[in-house]
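One structure is given here, and the rest of the page talks about it.
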Amino acid sequence: MKYTVNEKGFYGKFGGAYIPEMLYPNVEELRTNYLSIIYEPEFQLEFSKLLKDYVGRPTPLYLAHRLSEKYNTRIYLKREDLCHTGAHKINNTIGQILLAKRLGKNKIIAETGAGQHGVATATVCALMGMECTVYMGQLDIERQRPNVERMRILGAQVVPARSGNMTLKDATNEAMRHWINNPSDTHYIIGSVVGPHPYPDMVTRFQSVISEEIKAQLQQAEGNPYPDHVIACVGGGSNAAGAFYHFLEDEHVNLVGAEAAGKGVNSGESAATTALGKTGVLHGSKTLLMQTEDGQVVEPYSISAGLDYPGIGPLHAHLFDTQRVQFLSATDDEAMEAGIELSRTEGIIPAIESAHAIAVLNQLKPDPDDVVVINLSGRGDKDLETYIRWGKY
């Protein structure tokens, strides 16, 4: 298996666990237990039941007729926006809260950018009666206010991160500090395929339900489980990891990651990591990240809070390095226009993150008889203020 993690936590040359000594016991406890716990029949039964009865899975695979007509190809939308809480994030938080329970933890911390992971974490903490603290950049708190209030209604404490550019990277830094100081009773639910091993692999496994369902649903709809293209947006990359997972070894399926070019890849205000990044260590793993010559992290920029991150998960760095995934990028304006286009052709207002995946269709230029699956990772309710401020509709 070329694209799965090895026993040391590496995907090719990316991954590992580059952590302070004080975090070692927490991470080691997870590493030694996560696979045996999550593949216990009892765990799988509880996880599957909650995904079905609570999250609302399987999510539909919808043939977008008018969008298909416009691009002269067959476009299916994997409707993760219809999950409870409005995005794919809940798949992972359900899995991790069940894991935390079995490890005897009773307090949960998380980081969030767009707020969807924070809402999904607050949701499962309410479900399981656990204390919840969510770290969120001050800038993201301002631009994602509805999600902040949802977290508070669900009983979470939302703590602003005021360092750096006050976005996802800074929230992650604060969450890791908290975890170092509270190792014994606290589990850190990382929301993406980032961080020290085993997080990238664990989150990927919980999200892989997306591609598992895509294969079954395409078999039913097309008589063939394999699409020609799968497109997903990539910030840290959990929805993409989930959408790609069961196709990684099927080289005939073209996998496409859509990154945020911000105001332009070379504008100095971008989050297009594969175009701009170099190998380095960020949040506990070796990966591709945007950095200066002397290794300082470059502050990313995107109109989308969930893609405003200076790196990508180590699995995606490996998929880029081996050319298994084609990485494209869309600017703020291209993504916003794609969001409006989907709204008006299919009556679906997407999250701005997901709109980046729609936006790269112009660059991909699929053939008329191709089957394209776009992972619609979240819905646009949380982004209405941003759509309104952008205003070009």
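Just so you know, our numbering puts 238 at position 7 of the sequence shown, and the rest follows in order with no gaps. Glycine included, each C-beta is placed from N, C-alpha and C at the ideal position. All of these numbers come straight from a predicted model, not from anything done at the bench.
Cutoff 6 Å; reference residue i; Cβ partners in own chain excluding five residues on either side
{"i": "alanine 387", "result": "Ala353, Cys363, Val365"}
{"i": "arginine 393", "result": "Gln369"}
{"i": "alanine 474", "result": "Ile441, Ser442, Val461, Ala463, Asn606"}
{"i": "glutamate 405", "result": "Tyr366, Ala392"}
{"i": "histidine 549", "result": "Tyr242, Gly243, Phe245"}
{"i": "valine 379", "result": "Ile372, Val389"}
{"i": "arginine 381", "result": "Val350"}
{"i": "phenylalanine 551", "result": "Thr505, Phe558"}
Whole-angstrom distance between residue j and residue i, CA atom to CA atom
{"i": "proline 599", "j": "asparagine 413", "result": "55 Å"}
{"i": "glycine 515", "j": "valine 350", "result": "24 Å"}
{"i": "histidine 348", "j": "glutamate 577", "result": "26 Å"}
{"i": "lysine 244", "j": "leucine 546", "result": "10 Å"}
{"i": "lysine 301", "j": "alanine 590", "result": "13 Å"}
{"i": "glutamate 271", "j": "glutamine 438", "result": "17 Å"}
{"i": "proline 251", "j": "glutamate 444", "result": "38 Å"}
{"i": "glutamate 500", "j": "threonine 617", "result": "17 Å"}
{"i": "asparagine 237", "j": "tyrosine 624", "result": "48 Å"}
{"i": "arginine 376", "j": "glycine 454", "result": "44 Å"}
{"i": "glutamine 448", "j": "aspartate 539", "result": "32 Å"}
{"i": "alanine 503", "j": "proline 456", "result": "31 Å"}
{"i": "glutamate 524", "j": "threonine 435", "result": "31 Å"}
{"i": "asparagine 322", "j": "arginine 610", "result": "15 Å"}
{"i": "isoleucine 579", "j": "serine 585", "result": "11 Å"}
{"i": "arginine 374", "j": "alanine 569", "result": "20 Å"}
{"i": "histidine 483", "j": "arginine 383", "result": "45 Å"}
{"i": "glutamine 450", "j": "histidine 477", "result": "14 Å"}
{"i": "leucine 595", "j": "threonine 304", "result": "11 Å"}
{"i": "proline 256", "j": "asparagine 593", "result": "47 Å"}
{"i": "glycine 240", "j": "glycine 247", "result": "5 Å"}
{"i": "valine 487", "j": "lysine 446", "result": "17 Å"}
{"i": "isoleucine 411", "j": "valine 258", "result": "11 Å"}
{"i": "histidine 296", "j": "leucine 334", "result": "47 Å"}
{"i": "proline 597", "j": "glycine 622", "result": "30 Å"}
{"i": "leucine 615", "j": "leucine 298", "result": "22 Å"}
{"i": "glycine 346", "j": "valine 512", "result": "25 Å"}
{"i": "methionine 361", "j": "alanine 491", "result": "34 Å"}
{"i": "serine 574", "j": "alanine 566", "result": "12 Å"}
{"i": "lysine 189", "j": "arginine 408", "result": "Since the displayed the chain opens at 232 and closes at 624, residue 189 lies outside it and no answer follows."}
{"i": "valine 174", "j": "glycine 287", "result": "As displayed, the chain neither begins before 232 nor continues past 624, which places residue 174 out of reach and without an answer."}
{"i": "lysine 283", "j": "arginine 620", "result": "37 Å"}
Sequence-distant residues of its chain with Cβ nearer than 7 Å to residue i (five each side left out)
{"i": "glycine 544", "result": "Ser423, Val424, Val425, Pro431, Gly467, Gly468, Ala472, Thr518"}
{"i": "tyrosine 293", "result": "Tyr307, Leu308, Arg310"}
{"i": "methionine 359", "result": "Ile328, Lys332"}
{"i": "threonine 510", "result": "Lys517, Leu519"}
{"i": "glutamine 522", "result": "Lys509, Gly511, Val528, Val529"}
Pair within 8 Å by beta-carbon distance, residue i and residue j
{"i": "alanine 582", "j": "serine 608", "result": "yes"}
{"i": "leucine 385", "j": "alanine 357", "result": "yes"}
{"i": "glycine 542", "j": "leucine 520", "result": "yes"}
{"i": "alanine 254", "j": "isoleucine 325", "result": "At residue 254 the sequence reads leucine, which differs from the alanine that was named. Cβ atoms of leucine 254 and isoleucine 325: not closer than 8 Å."}
{"i": "tyrosine 249", "j": "methionine 433", "result": "no"}
{"i": "glycine 344", "j": "alanine 536", "result": "yes"}
{"i": "proline 289", "j": "leucine 313", "result": "no"}
{"i": "alanine 489", "j": "alanine 588", "result": "yes"}
{"i": "asparagine 470", "j": "glutamine 557", "result": "no"}
{"i": "histidine 315", "j": "tyrosine 285", "result": "yes"}
{"i": "histidine 428", "j": "arginine 555", "result": "no"}
{"i": "glutamate 480", "j": "tyrosine 234", "result": "yes"}
{"i": "isoleucine 268", "j": "leucine 330", "result": "yes"}
Residue(s) in a DSSP beta bridge with residue i
{"i": "proline 581", "result": "Arg610"}
{"i": "serine 533", "result": "Serine 533 pairs with nothing; no bridge assigned."}
{"i": "valine 389", "result": "Val365"}
{"i": "histidine 418", "result": "Ile339"}
{"i": "glutamine 557", "result": "Val487"}
{"i": "cysteine 464", "result": "Ala489"}
{"i": "phenylalanine 241", "result": "Gly246"}
{"i": "tyrosine 307", "result": "Leu294, Val604"}
{"i": "glutamine 522", "result": "Val528"}
{"i": "alanine 318", "result": "Gly609"}
{"i": "serine 439", "result": "Its beta-bridge partners do not exist; DSSP assigns none."}
{"i": "glycine 542", "result": "Leu520"}
{"i": "threonine 562", "result": "Gly493"}
Proximity test, Cβ basis, 8 Å: residue i and chain C
{"i": "isoleucine 605", "result": "No chain C is present in this structure, which holds just one protein chain."}
Sequence-distant residues of the same chain with beta carbon closer than 8 Å to residue i, five excluded per side
{"i": "glutamine 275", "result": "Ile269"}
{"i": "glutamate 277", "result": "Leu329"}
{"i": "aspartate 612", "result": "Gly317, Pro377, Ile580"}
Checklist entry - Can we say the segment 591 to 609 touches the segment 454 to 467, given the rule of at least three CB pairs closer than 8 Å? => result Touching, yes.
Checklist entry - Given 8 Å as the limit, is there contact between the segment 414 to 421 and the segment 335 to 344, that is, 3 or more CB pairs closer than that? => result As far as the Cβ criterion goes, the segment 414 to 421 touches the segment 335 to 344, which means the pair count is three or higher.
Checklist entry - Would the segment 526 to 538 and the segment 394 to 404 be scored as touching if the rule is three or more Cβ pairs under 8 Å? => result Taking one beta carbon from each stretch, the segment 526 to 538 and the segment 394 to 404 have 3 or more pairs nearer than 8 Å; the two touch.
Item to check | At least 3 beta-carbon pairs within less than 8 Å: the segment 485 to 500 vs the segment 562 to 579 | outcome: The segment 485 to 500, when compared against the segment 562 to 579, does touch it at the 8 Å Cβ threshold.
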